[in-house]
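K.L.:
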Amino acid sequence: MSLMRLAYASEATFEAKPAEQGVEPHVARILMTSRRNNGKCNLVGGLYYGDNRFFQYLEGEERDVRETFERIQGDSRHRNITTLIEEQLDKRTFSNWSMKYVPLSTDVRRFLSGHGLESFNPALFTSQQCEEMIELIRRSSGDQKLVNHDATPVKGKKAQAFSPGLRAGLLVAAACLLGALVYAGSLL
Ligand code: FAD
């Protein structure tokens with residue numbers, strides 16, 4: 000069995016919907032499917048989405064990478080797919096991520112301005128720039144949550160420690176506890 004790695008660039012065909020919180024909805028669906036499928040065959044890598052373009056890196060068993068890429072190529076949610084890297088690999092270079100998602104983050108913006116690039120157009124990346132992108136994906140190890148498209152906090156909304164559902168549950172539990180205490184107190 001042989002390992003390989005593959006990177007490509009493409010253009011989204013959908014019109015990006017504003018994502019007040021979380022990831023752009025089309026991208027979120029792609030990520031959910033990717034994580035489910037890639038995890039099963041130990042395929043790792045990362046997906047960048049920004050300026051309505053994708054950059055994706057895949058690494059794993061050659062058969063799995065090729066099968067997955069064939070499905071990806073047939074997907075109508077993007078077009079103009081340009082293969083940037085397609086080669087054998089001696090050993091894996093990623094740890095256990097099924098598919099990292101990295102929005103057009105501060106790191107990438109710094110990378111773009113460092114190279115004098117005004118927008119995210121990975122189809123035009125040199126091989127050195129591709130390697131830098133892959134390194135950014137590799138280093139962004141921390142957060143597997145589906146984060147905001149531009150990672151900017153939404154104005155006027157404070158960060159919430161608990162989801163609304165959990166908050167409601169905690170309130171009900173606290174009310175029950177209080178009621179039980181009052182009842183127990185009345186029995187004494
Ligand atoms: P399904 O169960 O067939 O579909 C999963 C969900 O996606 C369903 O809700 C379905 O309605 C929706 N969906 C599927 N195709 C489309 C479509 N053309 N338009 C709108 N909705 C659709 N797949 C991977 O397995 N691994 C990857 O790393 C990966 N990366 C991707 C990167 C990009 C940029 C894009 C556009 C797609 C990627 N995909 C990836 C998705 C891939 O193209 C296939 O849609 C997917 O692999 C099908 O797998 P499935 O049969 O298990 O999913």
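Just so we're aligned, residue 0 is where the sequence shown starts under numbering that gives the first Met the number 0, counting upward by one.
Glycine included, each C-beta is placed from N, C-alpha and C at the ideal position.
These figures come from a predicted structure and were not determined experimentally.
Mind checking which residues open and close the alpha helix (DSSP H) that includes Asn-36?
P.N.:
Counted from its first residue, the sequence shown places residue 36 at position 37. Asn-36 -> alpha helix (DSSP H) spans 24-39.
K.L.:
Rounded to whole angstroms, what's the CA-CA distance from Arg-35 to Val-26? Just pull it up for me.
P.N.:
Within the sequence shown, the letter at position 36 stands for residue 35. Within the sequence shown, the letter at position 27 stands for residue 26. Going from the Cα of Arg-35 to the Cα of Val-26 covers about 14 Å.
K.L.:
Using the C-alpha atoms, what's the distance from His-77 back to Phe-68?
P.N.:
For this step, residue 68 is matched to residue 69 along the sequence shown. For this step, residue 77 is matched to residue 78 along the sequence shown. Whole-angstrom Cα-Cα distance: 13 Å.
K.L.:
So the alpha helix (DSSP H) Met-132 belongs to, where does it begin and stop?
P.N.:
As a working mapping, residue 132 is identified with position 133 in the sequence shown. Here the alpha helix (DSSP H) through Met-132 covers 126-138.
K.L.:
In three-state DSSP terms, what is Phe-119?
P.N.:
Position 120 of the sequence shown, counting from 1, holds the residue named residue 119. Correct three-state label for Phe-119: coil.
K.L.:
So, are the CB atoms of Pro-121 and Tyr-48 less than 8 Å apart?
P.N.:
Walking along the sequence shown from the start, residue 121 turns up at place 122. Walking along the sequence shown from the start, residue 48 turns up at place 49. Not closer than 8 Å, so no.
K.L.:
Verify the contact flag: Met-3, CB atom, against every heavy atom of the ligand FAD, threshold strictly below 7 Å.
P.N.:
Reading the sequence shown from its first residue, position 4 is the one you call residue 3. No, the beta carbon of Met-3 sits no closer than 7 Å to any heavy atom of the ligand FAD.
K.L.:
To the nearest angstrom, how far is it from the Cα of Glu-134 to the Cα of Arg-70?
P.N.:
For the purposes of this step, residue 134 is identified with residue 135 of the sequence shown, where counting begins at 1. For the purposes of this step, residue 70 is identified with residue 71 of the sequence shown, where counting begins at 1. Near 25 Å, if we compare the C-alpha coordinates of Arg-70 and Glu-134.
K.L.:
Please report the straight-line C-alpha distance between Leu-42 and Leu-169, rounded to a whole angstrom.
P.N.:
Along the sequence shown, read from residue 1 onward, the residue named residue 42 stands at position 43. Along the sequence shown, read from residue 1 onward, the residue named residue 169 stands at position 170. Distance between the alpha carbons of Leu-42 and Leu-169: 39 Å.
K.L.:
Is the Cβ-Cβ distance between Glu-58 and Gly-44 less than 8 Å?
P.N.:
On the sequence shown, position 59 is the one that residue 58 refers to. On the sequence shown, position 45 is the one that residue 44 refers to. For Glu-58 and Gly-44, yes; Cβs fall inside 8 Å.
K.L.:
Sorted by chain position, which residues of the same chain lie with C-beta nearer than 7 Å to Thr-12's C-beta, five sequence neighbours on each side aside?
P.N.:
Start at 1 with the first residue of the sequence shown, and residue 12 comes out as number 13. So the qualifying residues of the chain are Ser-75, Arg-76, His-77, Arg-78.
K.L.:
Looking only at its own chain, which residues have a Cβ that is under 7 Å from the Cβ of Lys-16, when we skip the five neighbours before and after it?
P.N.:
Position 17 of the sequence shown, counting from 1, holds the residue named residue 16. Excluding sequence neighbours, Lys-16 sits near Glu-23, Pro-24.
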